[in-house]
Structure formats: structure tokens, C-alpha cells
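K.L.:
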Amino acid sequence: MPTYPEQCGNGPVLPAMVRMFCVETRVVLRCEKQGVVFYQFTMLGNNGLFSHGIFSRRGGVSRPPWHSLNVGRTVGDDAAAVQTNHQRIYNTLNLPAAHRATARQVGGAQVACVTEEDAGYIFPATDALVTNVPGVPLVMRFADCLPIVLYDRVQGVAGLVHAGWKGTVRRIVQAAVQTMTRKYGCLPANIRAGIGPGIGPCCYEVGADVIRLVRQELPYPRLLESRAHGHAHLDLWEANRVLLAETGVTQIELAGLCTACHTDEWFSHRREHGRTGRFAVVIALEQR
Ligand SMILES: [Zn+2]
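Our numbering puts the first residue of the sequence shown at 62, with every later residue one more than the last.
1. Within the continuous alpha helix (DSSP H) that includes residue 241, where are the two ends?
2. Tell me which same chain residues have a C-beta within less than 6 Å of the C-beta of residue 139, skipping the five on either side of it?
3. How would you write the range of the beta strand (DSSP E) that residue 265 sits in, first residue to last?
4. Just checking, does the region 135-149 make contact with the region 243-257 on the three C-beta pairs under 8 Å criterion?
5. State yes or no: is the C-beta of residue 261 nearer than 6 Å to some heavy atom of ligand 1?
6. Once the 5 residues before and after residue 193 are set aside, which same chain residues still bring their CB inside 6 Å of it?
7. Along the alpha helix (DSSP H) that carries residue 151, what are the first and last residues, could you check?
8. Based on the DSSP output, what are the partners of residue 208 in its beta bridges?
9. Determine whether the beta carbon atoms of residue 122 and residue 103 lie at a separation below 7 Å.
10. Could you check the C-alpha separation between residue 187 and residue 347 for me, to the nearest Å?
11. Less than 7 Å between C-beta atoms, sequence neighbours within five positions excluded: which residues of the same chain meet that for residue 258?
12. At the level of alpha carbons, what is the spacing between residue 156 and residue 336?
13. Out of curiosity, what's the CA-to-CA distance linking residue 178 and residue 184?
14. Give the C-beta separation of residue 265 and residue 297 to the nearest angstrom, bearing in mind that I take them to be a contact with Cβ-Cβ under 8 Å.
15. Below 8 Å on the Cβ atoms is my guess for residue 236 versus residue 220; work out the distance and round it to an integer in Å.
16. Under three-state DSSP, which class holds residue 173?
17. Roughly how many angstroms separate the alpha carbons of residue 110 and residue 161, rounded to a whole number?
18. Helix, strand or coil, according to DSSP, for residue 183 in the structure here?
19. Taking buried to mean at least 16 other C-beta atoms within 10 Å of its own C-beta, is residue 223 buried or exposed?
20. Rounding to the nearest angstrom, what Cα-Cα distance links residue 73 and residue 106 in this structure?
21. Of all the options 181, 199, 174 and 308, which has the alpha carbon lying nearest to the alpha carbon of residue 154?
22. Around the C-beta of residue 173, are 16 or more other C-beta atoms found within 10 angstroms, so that it is buried, or is it exposed?
23. Quick one: does the C-beta of residue 321 sit closer than 6 Å to a heavy atom of ligand 1?
24. Taking 6 Å as the line, does the beta carbon of residue 174 fall inside it for any heavy atom of ligand 1?
25. Assuming residue 97 and residue 208 are in contact, meaning their beta carbons sit under 8 Å apart, how far apart are those beta carbons, in whole angstroms?
26. Please work out which residues of its chain come closer than 6 Å, Cβ to Cβ, to residue 332, disregarding the five sequence neighbours upstream and downstream, and give them in chain order.
27. Have a look at residue 181 and residue 163 and give me their C-alpha separation to the nearest angstrom.
And the structure:
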């Protein structure tokens, strides 16, 4: 069945079959399809080669405190509800749920290269997934930690990174970019990076141990803003932007959306005192 392109806001072209309501914010499109709210980076687009969705917490079936589009299976939510939510996110992007590859996220620096054989697999202790295989969606779960989406259209390679403070000081996003360049032949200049919603410098207060590690591993004074009692606010967004720039990636978009400021839209582990869900980020190279 043929599809015809249709302009979605001022952003990327979407297939006419996918009826969506979109509102453009600064660098992301906010889209809604059958009640499921998700975002897309305008720079990464939806060009028939690559698709992605940064899913909000809206449009699922989970009850409070996981309301409603929770995809975390280890946060105490009802397993059947989580399964329904998973199906909804793949249906929204018309992706094959059974082929997805994912990881147990631990805040480390391990990158996995996802092949065709990994469809359906869960990588242990991994915080970045990279692939050049169309039709194998990559998914991760978030609630304050930063999702970072990487895409090189020239080589046809995509990556998804989970970066909390631990992964950030371990330079996980740089490990992912280096995997793209060394194993897949990508040039940093061709890699587009979208830094998604996560806890912002407005809300992310950290203590002495984190401050010491950040100063030691990431010597950029602007990443920490001092507060009372020896605490500071950490800017994870800027830290990961700097790490990307260090690798030579220049095409970087920062969503600038703070999960802790907007718990109506996102799950926030910090703001909701650990009693909350996880939102999904899904990326996929499209099968031609
Ligand atoms: Zn905030």
C-alpha cells in the first residue's frame, strides 16, 4: 500500500498513514498518536531510513505511581500493564516488538554492537547499544538519566546511550561514538546527536562524592554550580554535550527538557522519591 508524505508541523516528513498531532518546541517535535505522547528530534527526523521516539509517560495503562506509560519491569508495576505499554510504543512507531534489543543498564561504560542475531536479546550490564542492522529496534528506559540518540546517515549506523552521572564520568557517550567510528567507519562530522530529556541543572543537586568524581574526570568548572552545605547542581546536559564535542561530533541538539521539573510529562526518580516508572526511548534503522 503506497504512502504519501505529509508535513508534520515545520519538522520532518511523516507518512500520511500515521495520523499524528505534533507541536514543535525548540529542537523536538511533541507528537501524539492514539493518546501516546512522544517526542522526536527535528534534526534526526523521520526520513524513511531512521525512526525514533522519546516516549513521555502519557498514553499507557499503568496505575499510580507508574501512570501511565511505564516500561520498567523492575519498579513494582503490574507485569501485564507493562507489557501492554511496551506493545503500544512499538505500535506507535510501527516497529517489530519481538525483534527489539535492549540492555540491563548499570551506569557503566560498556557498549554493545547489535547484530541480526541479537534480535530479542537483553545485553547484561550495558549502557550503550549501536547497530547497523535495519529492523532491530533498540530500546532503553529512563527516569532522570539522559538518553542520547546517535545517528550517522552516511554509514547507516545508529546508537542509543544511557548516561546518568556514573555513565557520564565514565564517558559512555564517547565510548559509543568511538564504537561507531572504529567498528563501523563513521566520521564524527557525520554523526548527529540528540541529547534527550533528563534531570536538568535546575534540579540535579549532588553531594561531595559526586562533586569530587566530576571534578576529577571532567575538568570543566561550568558543569558544577555550588550550593549550600557543600552540595552543587550538576549539569548532565552540558557534560554530555562537552563529551560529544571532544570526540569531534558537531551536530548536537539538546532537548533542554528537565524530567524533575515536568513530572506531568516524564518520570523522575529524584522528584518522585523513587516511586515512579521509566519512560522508553526507541530507535531503529528502517528496513528498505
Ligand atoms: Zn528542573
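Ideal Cβ positions, reconstructed from N, Cα and C, are used throughout, including at glycine.
Predicted model, so just to flag it, every value in this text is computed and none were measured.
P.N.:
Looking at the atomic coordinates:
1. Taking the first residue of the sequence shown as position 1, residue 241 is located at position 180. First-last of the alpha helix (DSSP H) with residue 241: 233-245.
2. Counting from 1 along the sequence shown, the entry for residue 139 is found at position 78. Short of 6 Å from the beta carbon of residue 139, and not among the five residues preceding or following it, lies no beta carbon of its own chain.
3. Here the question's residue 265 lines up with position 204 in the sequence shown. Here residue 265 belongs to no beta strand (DSSP E), and DSSP marks it neither H nor E.
4. In short, these stretches do not touch, since the Cβ pair count stays below three.
5. The residue labelled residue 261 in the question sits at position 200 within the sequence shown. Taking non-hydrogen atoms of ligand 1 into account, the C-beta of residue 261 is found less than 6 Å away from one of them.
6. Taking the first residue of the sequence shown as position 1, residue 193 is located at position 132. Listed in chain order, the non-local C-beta contacts of residue 193 below 6 Å within the same chain comprise 217, 218 and 245, local neighbours out to five positions each way being set aside.
7. Taking the first residue of the sequence shown as 1, we reach residue 151 at position 90. In the DSSP assignment, residue 151 falls within the alpha helix (DSSP H) that extends over 140-154.
8. Counted from its first residue, the sequence shown places residue 208 at position 147. Paired residue(s): 223.
9. Numbered from its first residue, the sequence shown carries residue 122 at position 61. Numbered from its first residue, the sequence shown carries residue 103 at position 42. Cβ distance not < 7 Å, so residue 122 and residue 103 don't count as in contact.
10. Translated into the one-based positions of the sequence shown, residue 187 becomes position 126. Translated into the one-based positions of the sequence shown, residue 347 becomes position 286. Between the C-alpha atoms of residue 187 and residue 347 there is a straight-line separation of about 23 Å.
11. Stepping through the sequence shown from its first residue, residue 258 is reached at position 197. Counting only Cβ-Cβ distances below 7 Å, and skipping sequence neighbours, we find 115, 316, 318, 320 and 327.
12. As a working note, residue 156 is residue 95 in the sequence shown. As a working note, residue 336 is residue 275 in the sequence shown. The alpha-carbon atoms of residue 156 and residue 336 are separated by roughly 30 Å.
13. For the purposes of this step, residue 178 is identified with residue 117 of the sequence shown, where counting begins at 1. For the purposes of this step, residue 184 is identified with residue 123 of the sequence shown, where counting begins at 1. If you draw a straight line from the Cα of residue 178 to the Cα of residue 184, it is about 12 Å long.
14. Counting from one through the sequence shown, the residue named residue 265 turns up at place 204. Counting from one through the sequence shown, the residue named residue 297 turns up at place 236. About 6 Å separates the Cβ atoms of residue 265 and residue 297, confirming a contact at the 8 Å cut-off.
15. Taking the first residue of the sequence shown as 1, we reach residue 236 at position 175. Taking the first residue of the sequence shown as 1, we reach residue 220 at position 159. Residue 236 to residue 220, Cβ: 10 Å. No contact.
16. Taking the sequence shown and counting its residues from 1, the one referred to as residue 173 is at position 112. Note: residue 173 maps to strand in three-state DSSP.
17. The residue labelled residue 110 in the question sits at position 49 within the sequence shown. The residue labelled residue 161 in the question sits at position 100 within the sequence shown. Each residue's alpha carbon lies about 17 Å from the other.
18. As a first step, residue 183 must be located in the sequence shown, where it is residue number 122. Three-state result, residue 183: strand.
19. If you number the sequence shown from 1, residue 223 lands on position 162. Classification for residue 223: buried.
20. For the purposes of this step, residue 73 is taken as the residue at position 12 of the sequence shown. For the purposes of this step, residue 106 is taken as the residue at position 45 of the sequence shown. Because residue 73 carries a pLDDT of 41, less than 50, the predicted location of this residue cannot be relied on, and no value is offered for it.
21. For the purposes of this step, residue 154 is taken as residue 93 along the sequence shown, with counting starting at 1. From the listed residues 181, 199, 174 and 308, the smallest Cα separation to residue 154 is found for 199.
22. For the purposes of this step, residue 173 is taken as residue 112 along the sequence shown, with counting starting at 1. By the C-beta density criterion, residue 173 is buried, having at least 16 other C-beta atoms within 10 angstroms.
23. The residue labelled residue 321 in the question sits at position 260 within the sequence shown. Closer than 6 Å to some heavy atom of ligand 1: that describes the Cβ of residue 321.
24. Position 113 of the sequence shown, counting from 1, holds the residue named residue 174. Residue 174: no, Cβ never under 6 Å from ligand 1.
25. Position 36 of the sequence shown holds residue 97. Position 147 of the sequence shown holds residue 208. Going by Cβ atoms, the distance from residue 97 to residue 208 rounds to 17 Å, so no, they are not a contact pair.
26. Here residue 332 refers to the residue found at position 271 of the sequence shown. Listed in chain order, the non-local C-beta contacts of residue 332 below 6 Å within the same chain comprise 321 and 324, local neighbours out to five positions each way being set aside.
27. For the purposes of this step, residue 181 is taken as residue 120 along the sequence shown, with counting starting at 1. For the purposes of this step, residue 163 is taken as residue 102 along the sequence shown, with counting starting at 1. Cα to Cα, the separation comes out at about 8 Å.
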